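As structure tokens, the structure follows; a few thoughts come after it.
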Amino acid sequence: MAVTAASATETVEAVFRIESARIIAGVARIVRDVGIAEELAQDALVAALERWPESGVPDRPGAWLMATAKHRAIDLVRRKETYARKLAEVGRAMEDVPPPEPADADDIDDDLLRLIFTACHPVLSPQARIALTLRLLGGLTTEEIARAFLTSEPTVAQRIVRAKRTLAKAQVPFEVPYGSERAARLSSVLEVIYLIFNEGYSATAGDDLVRPALCEDALRLARVLAGLTPKEPEVHGLVSLLEFQASRIAARTGPDGEPVLLADQNRSKWNRMLIRRGIEALQHAGHGPYSVQAAIAACHAQAIRYEDTDWTTIAALYGRLMTLTPSPVVQLNRAVAVAMSQGPEAGLQLVDALTDEPALKDYHLLPSVRGDLLERLGRREEARAEFERAASLTRNARERELLMERAASQGRGGA
Numbered sequence: 009m010a011v012t013a014a015s016a017t018e019t020v021e022a023v024f025r026i027e028s029a030r031i032i033a034g035v036a037r038i039v040r041d042v043g044i045a046e047e048l049a050q051d052a053l054v055a056a057l058e059r060w061p062e063s064g065v066p067d068r069p070g071a072w073l074m075a076t077a078k079h080r081a082i083d084l085v086r087r088k089e090t091y092a093r094k095l096a097e098v099g100r101a102m103e104d105v106p107p108p109e110p111a112d113a114d115d116i117d118d119d120l121l122r123l124i125f126t127a128c129h130p131v132l133s134p135q136a137r138i139a140l141t142l143r144l145l146g147g148l149t150t151e152e153i154a155r156a157f158l159t160s161e162p163t164v165a166q167r168i169v170r171a172k173r174t175l176a177k178a179q180v181p182f183e184v185p186y187g188s189e190r191a192a193r194l195s196s197v198l199e200v201i202y203l204i205f206n207e208g209y210s211a212t213a214g215d216d217l218v219r220p221a222l223c224e225d226a227l228r229l230a231r232v233l234a235g236l237t238p239k240e241p242e243v244h245g246l247v248s249l250l251e252f253q254a255s256r257i258a259a260r261t262g263p264d265g266e267p268v269l270l271a272d273q274n275r276s277k278w279n280r281m282l283i284r285r286g287i288e289a290l291q292h293a294g295h296g297p298y299s300v301q302a303a304i305a306a307c308h309a310q311a312i313r314y315e316d317t318d319w320t321t322i323a324a325l326y327g328r329l330m331t332l333t334p335s336p337v338v339q340l341n342r343a344v345a346v347a348m349s350q351g352p353e354a355g356l357q358l359v360d361a362l363t364d365e366p367a368l369k370d371y372h373l374l375p376s377v378r379g380d381l382l383e384r385l386g387r388r389e390e391a392r393a394e395f396e397r398a399a400s401l402t403r404n405a406r407e408r409e410l411l412m413e414r415a416a417s418q419g420r421g422g423a
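According to our numbering, the sequence shown holds residues 9 to 423 in order.
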């Protein structure tokens with residue numbers, strides 16, 4: 009059944025947002041160039057925008073986009089003069105491209121994982137690796153990545169363009185590396201998975217607070233990595249952290265998609281199986297930053313009620329995290345824990361010390377936290393101004409609604 013251009017566009021964009029990483033990864037295995045793979049995925053998107061208003065949305069829109077992109081990739085390979093020689097060498101039929109890679113006991117048959125390791129190749133700078141992978145696997149716009157990095161959009165865009173050119177020029181193979189090369193790239197891969205999960209857990213922009221597909225992909229890839237590197241404590245630390253965080257996703261939003269604050273969440277909706285998996289993974293974790301964050305998440309997960317939360321331990325853990333990865337954001341999180349364990353005045357002093365931090369100038373959670381502490385101190389007019397400022401900074405529609413409601417509640421004597 010035919011659909012309107014507007015509804016078709018909305019459907020295409022929604023499907024592409026979810027499936028783009030798999031499409032790019034699948035095509036990259038054929039063309040062996042992530043830049044070209046992304047272009048071919050975009051071509052499939054354009055084809056859908058042209059055809060679906062007339063033909064209707066297919067039953068499996070993601071599969072349609074993948075097939076279209078792969079067909080274009082195969083056509084591109086066919087046009088390469090070297091393809092005939094390669095075809096003769098491997099003796100494979102045209103439909104079987106690309107030729108299989110050598111089997112290995114440690115091999116992972118996962119194009120998404122190959123894409124992450126390729127994007128995290130040491131030929132790229134750490135910032136470029138993370139930005140490129142978030143773009144390719146997270147499906148994030150340059151604006152969203154810039155907000156995640158607390159940097160400018162042109163800087164991120166430039167990093168991504170240069171990264172794709174560098175990978176192509178260096179002819180980086182599309183593969184999961186082995187041995188020492190895999191270990192060298194592991195820290196970058198962990199950071200990328202962490203950031204992808206965070207974007208899914210609390211979207212920087214759009215109409216939805218949570219994007220579960222990103223969380224699922226990040227958690228799945230983290231589990232695969234843990235199986236691949238069982239003696240790497242920080243991999244288990246990351247898995248533990250993501251298991252705990254994922255366990256709360258169902259309780260983070262209400263019936264209409266509105267955010268539900270941690271204090272108000274129905275903890276019976278927390279996924280106990282994921283919490284058990286988080287505890288199990290934590291037993292194999294180490295003392296690095298992901299492991300410390302996992303220990304913090306465990307404190308929340310094991311509290312039956314919000315009032316039972318061990319904020320003193322959480323504040324101490326954030327202090328340990330500060331020594332491992334010092335940053336204004338970690339300081340802000342520690343201030344929240346201090347406020348819960350020692351009172352809002354103590355927390356507000358720590359927050360006020362961060363107000364001049366350049367990296368937090370446009371970070372909406374700074375005025376949001378400050379507004380919460382001011383509200384608890386009865387300084388409602390100041391709290392209202394902070395909530396309004398936080399609402400003006402966030403790009404997420406659901407967060408903006410919540411912050412504006414909190415601002416309005418200050419005139420009604422508080423929520």
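Quick reminder that beta carbons are idealized off the backbone N, C-alpha and C, glycines included.
Predicted model, so just to flag it, every value in this text is computed and none were measured.
For residue 383 and residue 389, the gap between their C-alpha atoms comes out near 9 Å. Between residue 199 and residue 222 the beta-carbon gap is near 15 Å, outside 8 Å, which marks them as no contact.
Around the beta carbon of residue 286, 16 or more other beta carbons sit within 10 angstroms, so the residue counts as buried.
One thing to note: residue 33 has its Cβ within 8 Å of the Cβ of residue 119. For residue 267, the beta-bridge partners assigned by DSSP are 261. The C-beta separation of residue 144 from residue 29 comes to about 6 Å, placing the pair in contact by the 8 Å criterion.
Annotated as distal: residue 267 and residue 325, with beta-carbon spacing of 8 Å or more. Residue 321 carries a helical assignment under DSSP once its states are collapsed to helix, strand and coil.
Boundaries of the alpha helix (DSSP H) harbouring residue 206: 187-209, taken from the DSSP string. Closest option to residue 299, judged by alpha-carbon separation, among 329, 275, 274 and 317: 329. When secondary structure is reduced to three states using DSSP, residue 138 falls in the helix class. Residue ranges of uninterrupted alpha helix (DSSP H) with 4 or more members, entirely inside the stretch 271-332 and ordered along the chain, are 280-290, 297-309 and 319-332. Residue 211 has its alpha-carbon roughly 30 Å from the corresponding atom of residue 292. When 58, 20, 406 and 41 are compared, the shortest CA-CA separation from residue 70 is found for 20.
Straight-line spacing of the CA atoms in residue 136 and residue 387 works out to 44 Å.
For residue 352, the CB contacts under 6 Å within the same chain, skipping 5 residues up- and downstream, are 381, 384 and 385 in chain order. Residue environment analysis places residue 74 among the buried positions, since at least 16 neighbouring C-beta atoms fall within 10 angstroms of its C-beta. DSSP, read as helix, strand or coil, puts residue 254 in helix. By the Cβ neighbour-count rule, residue 244 is buried, with 16 or more other Cβ atoms within 10 Å of its own. Annotation: residue 26 to residue 127 spans about 19 Å, alpha carbon to alpha carbon. Between residue 416 and the set 264, 304 and 392, the nearest pair of CA atoms involves 392. Ranked by Cα distance from residue 313, the options 274, 168, 350 and 282 are led by 274. Secondary structure of residue 78 (DSSP, three-state): helix.
The three-state reading of DSSP puts residue 244 in helix, counting H, G and I together. Nearest to residue 316 by alpha-carbon distance, out of 282, 336, 284 and 270, is 270.
Note that the C-beta distance between residue 150 and residue 131 is not below 8 Å.
Remark: C-beta atoms of residue 303 and residue 290 approach each other more closely than 8 Å. With a cutoff of 8 Å on beta-carbon distance, residue 355 and residue 344 are scored as near each other.
Comparing alpha-carbon positions, the option among 294, 363, 358 and 361 lying closest to residue 332 turns out to be 294.
Leaving aside the five residues that flank residue 234 on each side, the residues in its chain whose CB is nearer than 6 Å to its CB run, in chain order, 243, 244 and 247. Residue range 220-236 is occupied by the alpha helix (DSSP H) that includes residue 225. For the pair residue 187 and residue 241, the CB atoms are not nearer than the 8 Å cut-off. Residue 379 sits buried, since 16 or more C-beta atoms from the chains shown fall within 10 Å of its C-beta. In this structure, DSSP gives residue 180 a state outside helix and strand, which the three-state scheme calls coil. At the C-beta level, residue 342 and residue 323 come within 8 Å of one another.
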